[in-house]
Structures are given as structure tokens and as C-alpha cells.
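Here's the structure, in C-alpha cells; my notes come after.
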Amino acid sequence: MRILCLTHVPFEDAANIGEWANLRGHALTYTHLYRDEAMPAIESFDMLAIMGGAMNVDEHDRYLWLASEKDFIRQAIDADKKVIGVCLGAQLIADVLGGEVFPNDHKEIGWHRIRLTPQAAQSKVFSMLPPEMMVFHWHGDTFSLPPGAVGLASSGVCENQAFRYGDLVLALQFHLEYSQESIEKMLTHCGDELIDNPYINTPEQIRNGYDNIPQTTEWLYALLDMFTQKPG
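For the sequence shown, numbering that gives the first Met the number 0 gives the first residue as 0, with consecutive numbering after it.
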């Protein structure tokens, strides 16, 4: 499988999605939007992975590539490509499909539990996951479910943590893909966001949660294996 990864900042890459792709023998290529790299042809990939970033989905004047990225995501969906988005990537998918993206009541940063919805049990991709999961978060915005989307997970402070749109589009607000190195990069580049708030971990709390990473990586691999499985 040919996987194209869209990145928005230098310090957020495919992380353990890349490790999974390598283990499964998939070809992973990048388009670095922050370098103003041109989008490839839609025919050049089978799966699109859209990563996180510090910008908002409506900052078109500041990030001139955002509008063309949204058009590209829409084209990929219309071409029946597999599309997965994480954090900002999930918000971009929601926006493209007609959902609203807006500031959450609280920023959610660090290790917090999510709960799967009853609909998740009927989802092939989520059916093998436990009903509650301790996962990593780093977001201030959230989204409403686009028309036709099925909500798959929520947390105590964020109603919509994941959704699917048909069988080929998956949006995750949380980060199963982060490695310890990924989180350390976030602490370096975005650590000023760690203010006193009940839903924001301290750096010590974040690092104390590194023993969760083997489990979140296992969940990521299981999810991606199911998501990329051929019908039948």
C-alpha cells in the first residue's frame, strides 16, 4: 500500500504510523505543507494520513496552503481513498465534510481516558478496542460530527474524540501514534501551553505516563491493520 502523509509542522510526523507502515511493508511518503511542497497526484497513493499541527483549520490568511489542503482531502475522499486524520487532521476532515470546528471548553493535554460509544462496537476498526482507553491528547479545538458521520469515542471534557465516515474515512482527535520522542518534541515546542488546568497535565505527569505508550502503540497497530484490511 502507498501511504501519503501530510505534515503541518516540523515536529509532528507520522511517528508510530510510520513504524507500522515499515513493519507491514507499506511505502510511506511525505508532503511537508510548512515547506510549501506541492501536492502529488491523487492517483499516486492509496491511503492519506493527515497529522497534527498548532494552527486552526480557518487560519487561511496565515497558512496559505490550508485551503488547497482541504480541497486535496475532499478529492481523496471523493476518489475513495482511505483517509485517516489525527488531531488537526481529524478537525480538517470534519471541516471538509461539513462539521464545525471550534474551541473546546477546556484544552485537553496529557494522559486522559476516552470511552467508546455504543456505535463503536459495530465499527470494524474499533470493535477490537477496549471500552475505555488511556490515551494521549494535545488539543484546544474540537469538532461537531459531520452529516453522515458516526461518533466512536468521547472523553469527560470532549464529546467527539473520533468518528468514521463510511468505511474509508477515520478521524481521531487523540494521539495513538505518539512515541516518547514525539511527546518530548511537543514539550519542547508547545510546552508553554501547560498552564494550571484540571485537564492539562504537568510535564512530570506526562512523562510518568510514558509506560502507556506500548499499549497505545498496540492499539494503533490493531486499528490500522483493520482499517487497511481489504473487504472480504
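We put the beta carbon where it would ideally sit given N, CA and C, even for glycine. Just so you know, these numbers come straight off a predicted model, no measurement behind them.
- Judged by DSSP in its simplified three-state form, Tyr-164 adopts strand.
- Shown here for Tyr-198: same chain residues with a beta carbon closer than 6 angstroms to its own, the five before and five after excluded, namely His-105, Glu-107 and Val-156 in chain order.
- As the crow flies, the alpha-carbon of Ser-67 is around 36 angstroms from that of Asn-211.
- Judged by DSSP secondary structure, Thr-28 falls within the beta strand (DSSP E) whose first and last residues are 26-31.
- The straight-line gap separating the alpha-carbon atoms of Glu-203 and Ala-40 is approximately 44 angstroms.
- For a cut-off of 8 angstroms, the C-beta gap from Met-50 to Leu-5 is around 6 angstroms, short enough to register as a contact.
- Using a Cβ distance threshold of 8 angstroms, Val-82 and Val-168 count as a contacting pair.
- Residue burial annotation: Ser-122 is buried, with at least 16 other C-beta atoms found within 10 angstroms of its C-beta.
- With three or more CB-CB distances shorter than 8 angstroms, the stretch 11-19 counts as touching the stretch 169-186.
- Around the beta carbon of Thr-141, 16 or more other beta carbons lie within 10 angstroms, which makes this residue buried.
- If the five residues before and after Leu-171 are omitted, its C-beta is found closer than 6 angstroms to the C-beta atoms of Val-85, Ala-89 and Ala-161, all from its own chain and listed in chain order.
- Taking all protein chains shown into account, Gly-109 has 16 or more neighbouring C-beta atoms within 10 Å of its C-beta and is therefore buried.
- Here the alpha carbons of Pro-145 and Gly-97 stand approximately 5 angstroms from one another.
- Ranked by Cα distance from Asn-159, the first of Thr-30, Asn-103 and Met-0 is Asn-103.
- A direct Cα-Cα distance of roughly 16 angstroms separates Asp-70 from Leu-87.
- Between Met-46 and Leu-32, the alpha-carbon positions lie close to 17 angstroms from each other.
- Where Asn-103 is concerned, there is no enclosing alpha helix (DSSP H), although the beta strand (DSSP E) around it starts and stops at 100-115.
- In terms of CA proximity to His-111, Ala-152 leads the group Trp-19, Ser-43, Ala-152 and Tyr-164.
- Using a Cβ distance threshold of 8 angstroms, Arg-61 and Val-124 do not count as a contacting pair.
- In the DSSP assignment, Ile-49 falls within the unbroken beta strand (DSSP E) covering 46-49.
- The C-alpha of Leu-63 is placed about 31 angstroms away from the C-alpha of Val-149.
- Cβ contact annotation for Met-38 (same chain, cutoff 8 angstroms, sequence separation greater than five): Thr-30, Ser-67, Glu-68 and Phe-71, in chain order.
- Within the model, the alpha-carbon separation for Ser-126 versus Ala-119 is close to 6 angstroms.
- Contact check for Met-54 against His-25 fails: the beta carbons are separated by 8 angstroms or more.
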